[in-house]
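The opening position of the sequence shown corresponds to residue 1 in this note's numbering, with each subsequent residue numbered one higher.
Beta carbons are placed, not taken as given, at the ideal position from N, Cα and C, and that holds for glycine.
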Amino acid sequence: DALQRRLNDMGFLFSALGRYLMARSLIGIAIALVSVLAAILLIDVVEQLRSIGDEADLTIFHAAGLTLLKTPMLIEQTLPFVVLAGAMIAVIGLNRSSELTAMRAAGVSAWRFLAPPVVLAAAIGIIFVMVINPIGAATYARYEQEKARLLSENPNEPTGNGVWIRQASRNEQVVVHAERWSDNGARLENVTFLFFAPRDGSLKFTRRIQAETADLRPGFWQLHNLVEAGPGVAPEHAANLALPTSIDPTELLDRFVAPATLSFWRLPGFINQAHAAGLAPVRFELKWQSLLGFPVMLAAMAGLGAVFSLRLQRLGNVARWAAFGAGIGLFLFFFGQLAAAFAVAQAVPPVVAAWSPPLTGLFTALAFVAYLEDG
């Protein structure tokens with residue numbers, strides 16, 4: 001009997017009523033997406049003019065171009081709320097047209113007419129992760145490069161000024177400049193170390209080291225094929241030299257590579273390479289697990305949006321229930337941000353931080369459907 005019920009539920013998804021509910025859900029999501037995206041794009045264009053336009057000559061068309069490069073990433077950040085609002089729009093529309101009442105009177109359970117929006121949201125999540133996310137990662141990387149070019153002071157990209165890093169200690173200040181970087185920032189090429197010591201209330205230049213490469217190890221830089229010189233001191237050549245440093249290799253990795261610039265398909269290989277190099281790519285593991293759980297998150301949001309809009313029009317308080325559903329969605333967002341902060345601080349594993357919000361939302365939706373339908 002249980003197997004037969006499941007087969008009937010699966011068949012309902014492809015029935016005429018199931019396809020109709022899925023189409024209404026898709027229309028609701030499209031309406032929400034257009035509305036939210038229009039507002040976000042307008043706000044982001046103004047932000048580009050404010051933040052970058054103050055430092056560079058930026059026209060409104062150039063600002064719009066920068067915003068378009070960010071658009072796929074903006075969609076990824078807002079899509080859970082879009083799905084939540086789209087599900088609400090669809091179910092409330094069915095409620096106001098009395099179609100929901102007719103379906104309930106015909107004996108269609110809540111489990112059945114909530115399945116189409118949930119399945120649709122999960123399918124959108126899968127398509128987004130596999131197709132849109134790689135495009136968004138490439139365009140966001142292009143956005144970062146263009147922003148660095150306009151500001152000409154972003155150390156995270158190998159622009160014409162190269163890479164600049166500063167490390168300080170109680171006894172000296174060291175400025176590091178490299179023309180290029182590789183191995184996720186763990187290796188600098190054509191690098192120069194400038195040393196300054198505090199004297200008489202100011203910093204005085206003490207020596208300079210030029211090296212072909214500098215590899216960042218835990219606690220020190222490993223320099224290769226270097227020349228060391230100082231004021232009044234003849235240059236000295238050396239094959240290798242170890243310089244102590246307080247820079248954490250993982251911190252440097254986070255500075256040079258942004259998780260948003262790596263696609264769903266590139267993240268696993270990048271994480272494996274980082275682990276092989278002895279790094280702890282927590283932010284990248286968090287991003288990977290978040291993308292894996294993205295379809296579940298959208299399904300949970302669709303379920304929450306639909307279940308809190310189920311109350312029949314004649315029973316009243318529809319707006320209150322819908323507002324409560326929106327509040328649950330906001331709670332999941334802030335819960336996800338808090339869990340991500342704990343993961344970055346290495347207080348919880350990334351897999352726990354990434355999967356807790358979608359699973360919490362999904363189980364909450366299932367619990368409310370069971371309460372409303374079965375009592």
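Item: Is the number of C-beta pairs between the region 58 to 73 and the region 262 to 281 that are closer than 8 angstroms three or more?; Value: no
Item: Let me make sure I understand the geometry here. Which of 202, 294, 176 has the alpha-carbon closest to that of residue 213?; Value: 176
Item: List the endpoints of the continuous beta strand (DSSP E) containing residue 236.; Value: 233 to 244
Item: If we ignore side chains and look at the alpha-carbon of each, how far apart do residue 292 and residue 309 end up?; Value: 28 angstroms
Item: Report the rounded CA-to-CA distance for residue 358 versus residue 150, giving the unit in angstroms.; Value: 38 angstroms
Item: Pick helix, strand or coil for residue 171, following the three-state DSSP scheme.; Value: coil
Item: I'd like to confirm the pairing. Which residues does DSSP put opposite residue 215 in its beta bridges?; Value: 187, 222
Item: What residues in its chain sit with their C-beta under 6 angstroms from that of residue 21, if we drop five residues either side in the sequence?; Value: 113, 116
Item: Would you kindly work out how many angstroms separate the C-alpha atoms of residue 367 and residue 220, rounded to a whole number?; Value: 54 angstroms
Item: Using a Cβ-Cβ cut-off of 7 angstroms (strictly less than) and excluding sequence neighbours within five positions of residue 271, which residues of its own chain qualify?; Value: 281, 284, 285, 288
Item: For residue 45, collect the residues of the same chain with a Cβ closer than 8 angstroms to its Cβ; drop the 5 residues on either side in sequence, then sort them by chain order.; Value: 60, 63, 64, 67
Item: Using the Cα positions of residue 225 and residue 34, report the straight-line distance between them to the nearest angstrom.; Value: 57 angstroms
Item: Once the 5 residues before and after residue 335 are set aside, which same chain residues still bring their CB inside 8 angstroms of it?; Value: 356, 357, 360
Item: In three-state DSSP terms, what is residue 205?; Value: strand
Item: For the alpha helix (DSSP H) holding residue 75, just list the boundary residues, first then last.; Value: 60 to 96
Item: Find out if the Cβ-Cβ distance for the pair residue 339, residue 348 is shorter than 8 angstroms.; Value: yes
Item: In terms of alpha-carbon separation, which member of 118, 197, 69, 143 lies closest to residue 80?; Value: 118
Item: Would the C-beta of residue 240 count as close to the ligand GTP, meaning under 7 angstroms from any of its heavy atoms?; Value: You won't find the ligand GTP in this model; it holds no ligand whatsoever.
Item: From the DSSP secondary-structure annotation, give me the bridge partner or partners of residue 210.; Value: 192, 227
Item: Who are the near neighbours of residue 261 in its chain, counting only those whose CB is closer than 6 angstroms to its CB and skipping five residues on each side?; Value: 137, 140, 141
Item: Along the chain, where does the alpha helix (DSSP H) that runs through residue 44 open and close?; Value: 16 to 51
Item: Which class does residue 160 belong to by DSSP, given the choice of helix, strand or coil?; Value: Any reading at residue 160 must be qualified, since the residue scores a pLDDT of 44, below 50, and its modelled position is unreliable; no value is offered.
Item: Short check: CB of residue 211 to CB of residue 191, under 8 angstroms?; Value: yes
Item: Within a Cβ cutoff of 7 angstroms, which residues of the same chain sit near residue 259, ignoring the five residues on either side of it in sequence?; Value: 283, 284, 287
Item: Could you check what DSSP says for residue 180 in three-state terms: helix, strand or coil?; Value: strand
Item: What does the alpha-carbon distance come out to for the pair residue 100 and residue 87?; Value: 14 angstroms
Item: For residue 154, which of helix, strand or coil comes out of DSSP?; Value: The predicted model places residue 154 with a pLDDT of 40, which falls under 50 and marks its position as unreliable, so this point remains unresolved.
Item: Do residue 304 and residue 365 come within 8 angstroms of each other at the CB atom, strictly closer than that value?; Value: yes
Item: Pop quiz: residue 196 and residue 209 are said to be a contact at Cβ under 8 angstroms. What is the actual Cβ separation, rounded to whole angstroms?; Value: At roughly 13 angstroms, the Cβ-Cβ gap does not stay under 8 angstroms, so residue 196 and residue 209 are not in contact.
Item: Since residue 353 and residue 343 are thought to touch, with beta carbons under 8 angstroms apart, how far apart are those beta carbons, to the nearest angstrom?; Value: 4 angstroms
Item: Between residue 18 and residue 295, is the Cβ-Cβ spacing less than 8 angstroms?; Value: no
Item: Indicate the three-state DSSP secondary structure (helix, strand or coil) for residue 283 in the structure shown.; Value: helix
Item: Drop a sphere of 10 angstroms on the beta-carbon of residue 84, count the other beta-carbons inside from all chains shown, and report buried for 16 or more, exposed for fewer.; Value: buried
Item: Pull up the DSSP beta-bridge partners for residue 198, would you.; Value: 203
Item: What does the alpha-carbon distance come out to for the pair residue 36 and residue 229?; Value: 59 angstroms
Item: Who are the Cβ neighbours of residue 153 in its own chain at under 7 angstroms, not counting the five residues just before and after it?; Value: Residue confidence for residue 153 is low, a pLDDT of 48 falling below 50, so the modelled location carries little weight and cannot support an answer.
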